[in-house]
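Below, the structure is given as structure tokens:
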């Protein structure tokens with residue numbers, strides 16, 4: 027029996043996928059898998075029984091990734107599962123940033139008691155006149171699952187779209203409309219676009235704070251900037267100054283921080299990006315499937331601290347062993363030597379690495395002996411050895 031603990035409320039459509047071999051538990055110390063959304067995990071102690079953590083969403087800032095890697099705990103996320111929900115909110119924000127909709131609604135509420143409001147509004151509405159997005163230029167920074175959907179939808183709405191993503195994969199490129207102008211210099215986005223939306227992960231030394239004073243200065247006067255990705259991508263002091271000067275005409279964000287709430291000309295939503303029933307269902311189902319495939323077969327898909335690895339279903343005969351280890355030289359020779367010395371034949375083997383972590387999945391003609399497993403655990407750099415079947 028494998029126990030699963032949910033740190034947050036997880037959609038039943040996800041937890042219902044777990045079969046008879048699984049049981050939900052309120053005790054995290056006995057769980058083989060943990061499902062989480064936003065709960066902070068940095069101060070948690072992890073049991074030796076914990077094999078994996080699945081984040082029902084994309085961001086993993088609430089999980090201690092390096093510590094998990096060192097303890098042989100695989101951390102998954104669910105990229106793309108909430109992409110449509112975020113895309114729809116970004117499209118809504120584009121329109122809110124183009125027309126005086128928010129202020130206009132506020133005027134109507136403030137003047138609700140005016141018996142002549144129907145007449146008064148004809149004069150008042152001039153203050154909330156806006157512009158159409160048709161024919162305007164939209165810059166999309168980051169063309170992953172969400173950025174690609176936003177870019178394609180904007181094309182369909184008649185916008186001219188410029189896409190920037192220096193790390194665009196071949197698979198991701200297939201999802202982007204050929205009508206998108208792919209630029210290789212982000213300054214082309216800043217200088218040419220009337221609207222800019224950012225969709226990249228928060229990476230220290232790279233994307234964190236990338237929308238700084240220099241970036242704002244390079245933008246067109248009166249640009250509308252949208253941030254539905256991560257609050258830390260935008261330097262608060264730089265954005266405050268750009269809004270004060272009018273360089274940035276409007277800042278629309280899904281992150282209500284104290285700094286943002288002091289800024290002028292902002293539209294702020296309370297982190298609604300993935301807060302739809304459909305997105306929560308999709309994330310929960312993807313997270314559950316990732317956990318089950320790892321627990322039952324040792325396969326890794328969408329991990330953020332270990333490499334992807336897939337050897338299909340466990341073989342009906344023999345045994346499968348998973349070794350989570352540091353990415354260091356000669357590790358493979360040490361691992362295979364253990365089975366050679368035990369006269370245990372390796373039928374299939376896959377080794378993958380990612381940064382300082384590596385993963386080796388091995389199929390044997392017969393179940394691994396206890397002595398072989400013990401020897402594997404004693405190899406310097408091995409973090410965890412797991413008999414999958």
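In the working numbering, the protein residues as written are 27 to 415. Every residue, glycine too, gets a C-beta built ideally from N, C-alpha and C. Quick caveat: nothing in here was measured; it's all calculated off a predicted structure.
Item: First and last residue of the uninterrupted alpha helix (DSSP H) at residue 254; Value: No alpha helix (DSSP H) holds residue 254; DSSP gives it neither H nor E.
Item: Beta-carbon separation (whole angstroms), residue 110 vs residue 84, contact threshold 8 angstroms; Value: Actually they are not in contact, since the Cβ atoms of residue 110 and residue 84 sit about 13 angstroms apart, beyond 8 angstroms.
Item: Unbroken beta strand (DSSP E) run spanning residue 374, endpoints; Value: 372 to 380
Item: Inter-residue spacing [alpha-carbon to alpha-carbon] between residue 388 and residue 335; Value: 11 angstroms
Item: Residue 354 burial status per 10 Å Cβ neighbour count (16 or more: buried); Value: exposed
Item: Residue interval of the beta strand (DSSP E) (run including residue 383); Value: 383 to 390
Item: Nearest-angstrom beta carbon gap, residue 280 and residue 295 [assumed within contact, 8 angstroms]; Value: 5 angstroms
Item: N- and C-terminal bounds of the beta strand (DSSP E) containing residue 234; Value: From DSSP, residue 234 is part of no beta strand (DSSP E); its letter is neither H nor E.
Item: Where residue 466 falls: helix, strand or coil (DSSP); Value: Since the first and last residues shown for the chain are 27 and 415, residue 466 lies out of range.
Item: Residue of 245, 244, 51 and 259 minimising C-alpha distance to residue 224; Value: 259
Item: Assigned secondary structure, residue 91 (DSSP; H/G/I helix, E/B strand, else coil); Value: helix
Item: Buried or exposed by the 16-neighbour rule on C-beta atoms within 10 Å, applied to residue 255; Value: buried
Item: Three-way DSSP call (helix, strand, coil) for residue 165 in this model; Value: strand
Item: Segment contact flag, the stretch 303 to 318 with the stretch 59 to 77, C-beta cutoff 8 angstroms, min 3 pairs; Value: yes
Item: Enclosing alpha helix (DSSP H) for residue 365 [first to last residue]; Value: 357 to 367
Item: Residue 339 - containing beta strand (DSSP E), residue span; Value: That residue, residue 339, is in no beta strand (DSSP E); it is neither H nor E in DSSP.
Item: Beta-carbon proximity check, residue 252 vs residue 202, cutoff 8 angstroms; Value: no
Item: Element boundaries [alpha helix (DSSP H), containing residue 115]; Value: 109 to 122
Item: Residue 108 beta carbon less than 8 angstroms from that of residue 310; Value: no
Item: Cross-strand partners of residue 173 (DSSP beta bridge); Value: BP columns for residue 173 are empty, so no partner.
Item: Residue 209, enclosing beta strand (DSSP E) - first and last residue; Value: 207 to 209
Item: Residues sharing a beta bridge with residue 415, DSSP; Value: DSSP lists no partner for residue 415.
Item: For residue 154, three-class secondary structure by DSSP; Value: helix
Item: Status (buried if at least 16 other CB within 10 Å, exposed otherwise) for residue 312; Value: buried
Item: Where the beta strand (DSSP E) through residue 160 begins and ends; Value: Taken as a continuous stretch (DSSP letters only), residue 160 belongs to no beta strand (DSSP E), as it is neither H nor E.
Item: Whether residue 154 touches residue 130 by CB criterion (8 angstroms); Value: yes
Item: Given residue 327 as reference, the closest of 177, 162, 396 and 105 once Cα atoms are compared; Value: 105
Item: C-beta contact flag for residue 101 and residue 127 at 8 angstroms; Value: no
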